[in-house]
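Notes follow once the structure below has been shown.
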Amino acid sequence: MSQHIKDLLSDLGLEFSTEEKTLKEYSEDKSIFKIEPQVVIFPKNSEDIKKLVNLAKDNNYTLTCRAAGTDMSGGPLTDSLLLVLTKYFTNFSIDSQNNTAIVQPGVYFRDFEKELNKYNLMLPSYPASKELCALGGMINNNSGGEKSLKYGKTDKYVLQLKVILADGEEYIFERLSLNEVKQKMNLSNFEGEIYRQLYNLFKDNNELIKKSKPKVSKNSSGYNIWDAFNDEYFDLTKLFVGAQGTLGIVTEAKLKLVPKDNFSKLAVIFIKDLKNLPLFTNDILSLNPTSLEITDDHTFKIFMRFAREMASLLGARGVFSTIRLFLPDLMIILKLGIPKLIVLCEFSGDDEAEIQEKINKLKLINQKYNFLYRIPTSEIDANKYWRLRRDTYRLLREKIKHLSAAPFIDDFIIQPQYLSEFLPQLYNILDSYQMIYTISGHLGDGNLHIIPLVDFTKKETRENIVEIMEKVHSLVLKYEGILTAEHNDGIIRGPYLAKEFGTEIFNIFQTIKNIFDPHNIFNNYKKTKAVKEYILRFMK
C-alpha cells in the first residue's frame, strides 16, 4: 500500500485501515477466492463515497463495495480499494401504511426482518443465508430464495434506488414513462447522457433483446436488459439490481413489502427414483405452492451426521429429545433407504381451508407416484427440514475439516421438465472426478445449488475445478439454461457471459458498462470485465 493513497484518504477525512488483520478479514467472501485489498475504507455517508469516486477516477484506482460478505462468486473481492458498508450504512425505516421501506445497503437482513415481523410484513426474496446476509448484497446480486417460486426475486421489490455514478454525483432511479425519459434525455449532465445513450441502445436492439430473453424463470447473469425497457416505460433499477456494483454504488433503496401469510403448511416428500420427477413436479406446480425445495441424499447424510447439533439449534435438549425429533426420518430410512431427493413443499395463504385442500390433493399426487411423505406435526419439526435446506453450506464449511466447500457450479437453472434427463448427466460429470458433493435448490423452477467438497492442498484440484465448470456450463447451456439464477457472476462466472448469451448480447452488456462507467472504476474484473485468468490466479 503506497503512502500516496494513505495521504489522499487522510486528506479527505475518510476512515480506513491498512492493518494486515483487517486486510485479511476482508480478503475472502464465501467463494473459492482470496484477494487482499490495498485498503479497507468505511464510508460514513454518500459524501464520503462521492469523494472516493473522484479519487479513484483521478488516481487510477477501482472501487468495490462489500456488505455482509456472504457472496459465493467473489463479487465483493478486490485488489484495489474496498468500501465496507455494514459499519455506517445501516439505517432503515418502515412505512407500514404503504407497505414500503427505505433501506441502506449495510442493513443486515436479520435485523430488518425482526422489525418487519412487528408489522406482519416481509421481503420475500430472502436467500438461504438470511441470518448472515445484508440488503446491499441482496440488491446487487438480485437474490432469491425459498419463496421465489411464488413471490419472485429482489428486483420485483425494488421501487427506487439512489446511486452514485461515475461523475461523483448521486441520482435517483425508478420506473419512468417514456415522456419522463425524454425529459431526462434533455438534461445536459451525465444523467442526461446516460438516458440518451441507453434509449438509443435499447431502441436499436429491441428485437434482438426480446429474442434473447432467457427461457428460464430466474436470471442473475449479465445485466437485466429484458425488463429495463419496453414501449411504455424505462426502469433503470432493473439494470442496477444484480449488477454487482459494476455500474455505480447503491446508497439507498425503496422497497416494496408484502403482508405475511397467516397460515402455512409443509409437506416433506421422500423420492428414491428420479424418473417421474418432471411429471411429479408439474402435478405439484398445478397446486401453486409457495415453496418447492429439494435437498439430495448427500446433504441428508451430512445433516443426520450432525443431528444432535441441529436439534440443539432448534431448541431440542438432550438425547431423548433429539431421538424423538428425528425418529420419523429414521423410520422413513428403514422403510425406503436413504432417499435420493427430499422435497419440501409449502403452501401458505390466508385461507386455512384452502391450504388443507391443497395438502389433501398433494397426498393424492404422492400416492399416484408411490412416494413416501409426511406432514410435520410441530413448528420445531417443520423447522428441522428448513434447517436441512438452509444450513447445508454452513455445515460443509464448518464441519468438514479435511475438505473445503467449493461453490463454483452452485447456481445454474434449467427448465424443470428436463431435470430427470439432466441430473444423471450431471452426476456422471461429478462422479468421474470422484468427489463428494451436495445438491439442493428450487425444484419448482429448476434452480440447483451444487457444492462439491475439494482438497485445495492437491495440485490437480484447481485444474479440475476449471474442467468441471466447462463441462457443467456446456451441459446447462445445452438445455438452454442460465449459469446463475440467484448468486450472480462475480469472478467465477463473469468470463462465461459471451458463451452464455452470444457475442451480440455480450456487446450490449459491454456498452452498458461503458455508458455508466467510462473510466472503469466500479468493481473491476466482474461482469463484462471478468477474465478467466483470475479464476486460477485468485483461487484459494
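Per this note's numbering, the sequence shown starts with residue 793, numbered consecutively.
Virtual Cβ for every residue (Gly too), placed ideally from N, Cα, C.
Rounded separation between residue i and residue j - CA only
{"i": "Ser1004", "j": "Phe1293", "result": "8 Å"}
{"i": "Leu1180", "j": "Phe1095", "result": "6 Å"}
{"i": "Glu1325", "j": "Glu1262", "result": "14 Å"}
{"i": "Ile1157", "j": "Glu1149", "result": "13 Å"}
{"i": "Met1331", "j": "Lys1318", "result": "15 Å"}
{"i": "Thr1029", "j": "Lys1155", "result": "42 Å"}
{"i": "Phe1026", "j": "Glu1259", "result": "40 Å"}
{"i": "Thr1082", "j": "Tyr918", "result": "14 Å"}
{"i": "Asn1175", "j": "Gly867", "result": "31 Å"}
{"i": "Phe901", "j": "Leu924", "result": "7 Å"}
{"i": "Ser1386", "j": "Ile1304", "result": "For the chain, the structure presents residues 793 to 1332; residue 1386 sits outside this window and is missing."}
{"i": "Leu1105", "j": "Phe884", "result": "29 Å"}
{"i": "Lys849", "j": "Phe1308", "result": "13 Å"}
{"i": "Met1102", "j": "Tyr991", "result": "53 Å"}
{"i": "Ile1192", "j": "Tyr1177", "result": "21 Å"}
{"i": "Tyr1288", "j": "Ile1205", "result": "15 Å"}
{"i": "Glu1138", "j": "Leu804", "result": "52 Å"}
{"i": "Ile1297", "j": "Ile1001", "result": "7 Å"}
{"i": "Ile1283", "j": "Asn1316", "result": "10 Å"}
{"i": "Tyr763", "j": "Phe1072", "result": "With the chain running from 793 to 1332 in the structure shown, residue 763 is simply not present."}
{"i": "Gly898", "j": "Ile931", "result": "11 Å"}
{"i": "Phe1062", "j": "Lys906", "result": "33 Å"}
{"i": "Asn1080", "j": "Lys942", "result": "8 Å"}
{"i": "Asn971", "j": "Ile1242", "result": "46 Å"}
{"i": "Phe1112", "j": "Leu1122", "result": "14 Å"}
{"i": "Gly1037", "j": "Leu979", "result": "24 Å"}
{"i": "Leu1049", "j": "His1194", "result": "43 Å"}
{"i": "Tyr1015", "j": "Leu1031", "result": "6 Å"}
{"i": "Pro1051", "j": "Phe1098", "result": "35 Å"}
{"i": "Lys816", "j": "Ala1198", "result": "19 Å"}
{"i": "Ser794", "j": "Leu806", "result": "16 Å"}
{"i": "Ile1125", "j": "Leu1117", "result": "14 Å"}
Cβ shell of residue i (< 7 Å), same chain only, five flanking positions each side left out
{"i": "His1279", "result": "Met864, Ser865, Asn933, Ser1012, Asp1202 and Asp1203"}
{"i": "Ile956", "result": "Ser838, Ile841, Lys842, Val845, Glu962, Gly1040, Ile1041 and Thr1043"}
{"i": "Gly1141", "result": "Asp1053, Phe1055 and Ile1147"}
{"i": "Ser888", "result": "Tyr911 and Leu913"}
{"i": "Arg1100", "result": "Thr1114"}
{"i": "His1311", "result": "Lys849 and Ala958"}
{"i": "Gln989", "result": "Ile1307"}
Within 8 Å, strictly: CB atoms of residue i and residue j
{"i": "Pro835", "j": "Leu873", "result": "no"}
{"i": "His1265", "j": "Glu1085", "result": "no"}
{"i": "Ala1035", "j": "Gly929", "result": "no"}
{"i": "Leu1328", "j": "Arg1254", "result": "yes"}
{"i": "Ile1130", "j": "Lys1160", "result": "no"}
{"i": "Lys976", "j": "Glu985", "result": "no"}
{"i": "Asp1088", "j": "Leu1133", "result": "yes"}
{"i": "Tyr1185", "j": "Val1060", "result": "no"}
{"i": "Leu1136", "j": "Gly1236", "result": "no"}
{"i": "Asp947", "j": "Val1033", "result": "yes"}
{"i": "Ser940", "j": "Lys879", "result": "no"}
{"i": "Ser1196", "j": "Phe1248", "result": "yes"}
{"i": "Leu875", "j": "Leu855", "result": "yes"}
{"i": "Ile1151", "j": "Lys1057", "result": "yes"}
{"i": "Thr1276", "j": "Arg1285", "result": "yes"}
Cβ-heavy atom distance, residue i to the ligand MG, below 7 Å
{"i": "Lys1132", "result": "In the structure on display, the ligand MG does not appear, and there are no ligands present to speak of."}
Neighbourhood of residue i by C-beta, 8 Å cutoff - its chain only, sequence neighbours within 5 removed
{"i": "Ser819", "result": "Lys826, Ile827, Glu828, Pro829 and Leu869"}
{"i": "Phe904", "result": "Phe884, Ala893, Val895, Leu915 and Leu927"}
{"i": "Phe1128", "result": "Note that residue 1128 corresponds to Leu in the displayed sequence, not to Phe. Closer than 8 Å at the Cβ level, and outside the excluded window around Leu1128, lie Phe1062, Lys1064 and Leu1164."}
{"i": "Pro769", "result": "With the chain represented from 793 up to 1332, any question about residue 769 goes unanswered, as that position is not in the structure."}
{"i": "Lys1067", "result": "Ser1212"}
{"i": "Leu993", "result": "Ile1300, Thr1303, Ile1304 and Ile1307"}
Beta-carbon proximity list for residue i, same chain, < 6 Å, skipping 5 on both sides
{"i": "Pro1006", "result": "Ile1274"}
{"i": "Glu1144", "result": "Phe1055"}
{"i": "Ile1228", "result": "Leu1245"}
{"i": "Tyr1225", "result": "Asn1256"}
{"i": "Thr1320", "result": "Phe1301, Gln1302 and Lys1305"}
{"i": "Phe881", "result": "Gln896, Pro897 and Gly898"}
{"i": "Phe808", "result": "Leu801, Val831 and Ile833"}
What runs of the alpha helix (DSSP H), each 4 residues or longer, lie entirely inside the region 1253 to 1296? Counting whole runs of 4 or more residues, the region 1253 to 1296 contains the alpha helix (DSSP H) stretches 1282 to 1285 and 1289 to 1293.
Taking one C-beta from the region 795 to 809 and one from the region 1166 to 1183 each time, how about it: are there three or more such pairs within less than 8 Å? Result no; under three Cβ-Cβ pairs closer than 8 Å.
Does the structure place the region 1215 to 1224 close enough to the region 1020 to 1032 that three or more beta carbon pairs sit under 8 Å? The region 1020 to 1032 is not in contact with the region 1215 to 1224.
Touching or not, the region 965 to 974 and the region 946 to 956, by the rule of three or more beta carbon pairs under 8 Å? Between the region 965 to 974 and the region 946 to 956, the count of Cβ pairs shorter than 8 Å is three or higher; the stretches touch.
Whole runs of the alpha helix (DSSP H) within the region 1197 to 1224, excluding any shorter than 4 residues: Listed in chain order, they are 1211 to 1223.
Starting from the N-terminal side, write out each stretch of the beta strand (DSSP E) that is 3 residues or longer and does not extend beyond the region 1007 to 1047. Every beta strand (DSSP E) stretch that sits fully inside the region 1007 to 1047 and reaches 3 residues is listed by chain position as 1025 to 1027.
Ordered list of beta strand (DSSP E) runs contained in the region 1034 to 1111, each at least 3 residues: Here the runs fully enclosed are 1041 to 1048, 1055 to 1063 and 1083 to 1088.
To test your reading of the DSSP string, which unbroken beta strand (DSSP E) runs of 3 or more residues are found completely within the region 889 to 949? 892 to 895, all fully within the region 889 to 949.
Runs of alpha helix (DSSP H) lying entirely within the region 1126 to 1187, each at least 4 residues, in chain order: Segments of the alpha helix (DSSP H) lying fully in the region 1126 to 1187: 1144 to 1161 and 1171 to 1182.
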